[in-house]
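Below is one structure; the comments refer to it alone.
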Amino acid sequence: MTGFRPRGRRGAYTAAAIAFTTSALVVLATALFGQHPPPAPPDTARAASIDEPRTPAPRSSPLPRSEPTVIRIPKIGVRTQIEKVTRSADGSVDMPTDPDHVGWYTGSVTPGETGNTVVVGHLDSRSGPAAFYGLGTLRKGSRITVTRRDGSTAHFAVTAMEVWAKDGFPSRRVYGPTMTPTLTLITCADWDDDRHTYRSNLVITAEPTTSPPGGADRGF
Amino acid sequence: MTKKTATSVAALMAIASGMVLAPVAFADSSSHDDELHTALAPIPTSKVTGSGTAMVHLKGNQATVTIKTQGLLADAPHAQHFHIGAKGQCPPASAAKQHNGQLSLNTTDGLPFYGKIGASLTTTGDTGADHSALAVDRFPKGSAYTYHRTITVDDETAKSLRDENAVVVVHGIDFNGNGKYDNVLGASDLDPKLPSEATNPALCGPLKMAPAAAVAGGMGGTQSADTMALTAAGGLLTAAAGTLYLRRRSSRQS
Ligand SMILES: [Cu+2]
């Protein structure tokens with residue numbers, strides 16, 4: 003007999019006990035050293051300078067106005083409803099009431115229209131991961147699709163990822179209007195253990211792209 | 082971990098430790114200035130393919146206006162205004178009518194959506210709705226321009242801006258693509274001495290208040306995992322002990 007091959011019930015129980023103990027140790031180690039932080043955006047997301055202009059969007063014809071209903075981000079398994087959100091008392095954008103949903107800022111254009119569509123989402127709720135938990139794993143080229151009330155779909159691909167501290171947040175750059183259709187996704191980043199709040203925002207910029215050949219996002 | 086488990090563990094944690102995870106909100110009371118902005122999109126049926134952006138910084142009745150455009154008819158003046166007092170919207174394609182046998186949208190067709198003129202965004206001199214609405218010699222020229230000027234608006238226009246009811250409209254289209262304003266759509270509905278192409282709306286954008294801070298997009302439920310993890314680890318160790326007990330029993334039997 004080569005290697006470890008548990009035989010019979012006794013072997014199985016040994017294996018199970020080892021597995022449980024190992025899992026416990028991993029969980030403990032995670033608790034002590036890593037906790038369960040959301041996936042971090044790439045380091046390049048922090049390299050951007052405020053003065054750096056956004057890359058010009060590729061030519062594509064804008065869509066007429068139609069409010070968004072569902073967002074899909076296949077890479078991180080997101081397929082969720084889009085709520086409408088307005089400006090909050092502090093001048094920022096309100097969050098969706100259901101942390102599993104995302105919020106479309108009604109003061110911004112609808113997805114695919116000329117201009118900057120702003121969609122916000124929670125990274126986590128009080129109890130666990132929320133809609134935009136996995137946003138940090140997106141990379142340039144990752145696809146995002148938005149279904150609209152008129153039945154049409156706006157297709158986007160990620161073109162930029164930036165992390166901005168809440169102090170000195172570049173509001174004009176993030177929320178400002180654009181000459182071409184642009185989708186801006188915003189969630190939190192950088193947990194502050196002492197203040198029990200997030201210190202930064204992760205800002206993802208996506209620009210129109212054609213739908214994938216053969217409808218690769220279909221059925222998701 | 083399933084959501085339900087996470088929720089109940091977190092709920093227990095919260096009760097046990099009285100932890101406060103709510104992010105602190107800071108009210109911005111630094112100024113009473115308002116900042117509005119919009120993207121400028123082509124009016125449907127206008128054959129315009131250009132676009133633009135508009136930003137308005139409003140302090141009392143002083144409006145500092147920045148407008149950028151691209152893709153308009155070159156070498157031609159483009160009248161531009163704040164429109165106010167209607168729906169605060171840009172007209173949809175369904176607002177277009179037959180003009181000189183062509184389905185198109187003139188300035189009057191859009192009035193039920195963007196409303197009457199509140200201010201004329203001229204480059205110099207008067208900015209009134211009445212005297213400068215079609216002051217073609219005092220509007221920006223060209224396909225792509227940047228307009229920047231601080232003007233004084235009347236109370237009605239200031240209120241409309243603050244109510245997010247004002248719309249930026251840039252005029253002047255080239256419906257037949259011949260490089261100049263002509264009478265393909267007949268005479269202007271605003272001034273019969275001008276061609277309709279010269280005054281038809283080209284770009285439009287409803288001005289909305291610009292958000293001004295980062296979002297509060299997390300509550301920390303995936304960060305305060307210490308207790309959650311300890312509970313889970315404890316459970317797994319109990320399971321390990323249980324299986325070891327079964328293993329002993331199993332070995333005794335065999
Ligand atoms: Cu006008």
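Protein chains in written order, with this note's numbering: chain A, 3 to 222; chain B, 82 to 335. All C-beta atoms, glycine included, are put in the ideal place defined by N, C-alpha and C.
Three-state secondary structure (DSSP) of residue i
i	result
A/Tyr200	strand
B/Phe194	helix
A/Val205	strand
B/Thr204	coil
A/Glu85	strand
B/Ser112	Because B/Ser112 carries a pLDDT of 46, less than 50, the predicted location of this residue cannot be relied on, and no value is offered for it.
B/Lys289	strand
B/Ser241	helix
B/Thr303	coil
B/Gly262	In the sequence as displayed, the identity of residue 262 of chain B is Tyr instead of Gly. Coil at B/Tyr262, not helix or strand.
A/Leu137	helix
A/Arg150	strand
A/Asp192	strand
B/Ala294	coil
A/Thr212	coil
B/Ala268	strand
A/Thr186	strand
B/Val217	helix
A/Gly142	Checking the sequence shown, residue 142 of chain A turns out to be Lys, not Gly. Three-state result, A/Lys142: coil.
B/Lys274	coil
A/Ala59	Because the pLDDT of A/Ala59 is 44, which lies under 50, any placement of that residue in the model is unreliable, and the number read from its coordinates should be weighed accordingly. Reduced to three states, the DSSP call for A/Ala59 is coil.
A/Pro70	strand
A/Pro172	coil
A/Thr116	coil
A/Pro92	Note on identity: in this sequence residue 92 of chain A is Asp, with Pro being the wrong assignment. Coil.
A/Asp102	coil
A/Pro76	helix
Amino acids of chain B, ordered along the chain, whose beta-carbon sits closer than 8 Å to that of residue i
i	result
A/Gly123	Gly298
A/Trp106	Here the premise fails: no neighbours, minimum Cβ distance about 13 Å.
A/Asp126	Gly299, Met300, Gly301, Gly302, Thr303 and Gln304
A/Gly138	Result: empty, since nearest Cβ-Cβ is about 12 Å, beyond 8 Å.
A/Pro210	Correct list: empty, because the minimum Cβ distance to chain B is about 13 Å.
Residue i CB to nearest heavy atom of ligand 3 below 8 Å
i	result
B/Val137	Judged by which ligands are present, ligand 3 is missing from the structure shown, whose ligands are ligand 1.
Cβ-Cβ separation, residue j to residue i (assumed contact under 8 Å), whole Å
i	j	result
B/Ala225	B/Gln161	That pair is no contact at about 14 Å.
B/His118	B/Ala291	5 Å
B/Ala293	A/Ser94	7 Å
A/Asp100	A/Val87	That pair is no contact at about 11 Å.
B/Ile232	B/Val129	Actually they do not touch by this definition, with Cβ atoms about 25 Å apart.
A/Thr116	B/Ser132	5 Å
A/Thr189	A/Gly123	5 Å
B/His180	B/Leu266	5 Å
B/Gly196	B/Ala167	3 Å
Interface partners of residue i on chain A, CB under 7 Å
i	result
B/Gly133	Met181
B/Gly253	Here the premise fails: no neighbours, minimum Cβ distance about 18 Å.
B/Gln151	Met181
Contacts of residue i in chain B (Cβ-Cβ under 7 Å)
i	result
A/Pro113	By Cβ distance, chain B contributes nothing, its closest Cβ being about 13 Å from A/Pro113, past 7 Å.
A/Val95	Pro292 and Val296
A/Lys168	Ala295
9 Å Cβ cut-off: residues of chain B touching residue i
i	result
A/Asp173	Per the sequence shown, residue 173 of chain A should be read as Ser rather than Asp. Under the 9 Å cutoff, chain B gives Glu116, Ala291, Pro292, Ala293, Ala294 and Ala295.
A/Thr71	In chain order: nothing, as chain B lies at least about 19 Å away.
A/Gly153	Residues of chain B passing the Cβ test: none, with the nearest at roughly 16 Å.
A/Phe134	Gly298 and Gly299
A/Thr186	Near A/Thr186 there are no residues of chain B at all, since even the closest Cβ is about 11 Å away, more than 9 Å.
A/His103	Result: empty, since nearest Cβ-Cβ is about 13 Å, beyond 9 Å.
Which residues DSSP lists as bridging residue i, in chain order
i	result
B/Val25	Residue 25 of chain B is absent from the structure shown; chain B starts at 82 and stops at 335.
B/Leu284	B/Pro123 and B/Val251
B/Tyr228	B/Ile148
A/Leu65	The partner list for A/Leu65 (beta bridge, DSSP) is empty, contrary to what the question assumes.
A/Tyr177	Partner(s): none; A/Tyr177 has no beta bridge.
A/Glu164	A/Val205
B/Ser132	B/Gln151
A/Arg157	Sequence check: residue 157 of chain A is His here, not Arg. Answer is A/Thr147, bridged to A/His157.
B/Pro158	B/Lys222
B/Gln183	B/His180
B/Thr233	B/Gln143
B/Asp211	Answer is none; B/Asp211 lacks a bridge partner.
B/Phe163	B/Ala200 and B/Val249
A/Asp45	A/Asp45 is not bridged to any residue.
Per-residue contacts from residue i into chain A (C-beta, under 9 Å)
i	result
B/Gly258	Neighbours of B/Gly258 on chain A: none; closest Cβ ~17 Å, over 9 Å.
Where residue i meets chain A, residues with beta-carbon distance less than 8 Å
i	result
B/Thr119	Gly117 and Pro179
B/Ala283	The contacting residues do not exist; B/Ala283 stays about 13 Å from chain A at best.
B/Pro193	Chain A residues near B/Pro193: none, gap ~16 Å exceeds 8 Å.
B/Ala122	Pro64, Val111, Glu115, Thr116 and Gly117
B/Pro125	Pro66
Residues surrounding ligand 1 [beta-carbon distance to nearest heavy atom under 5 Å]: B/His162 and B/Val250
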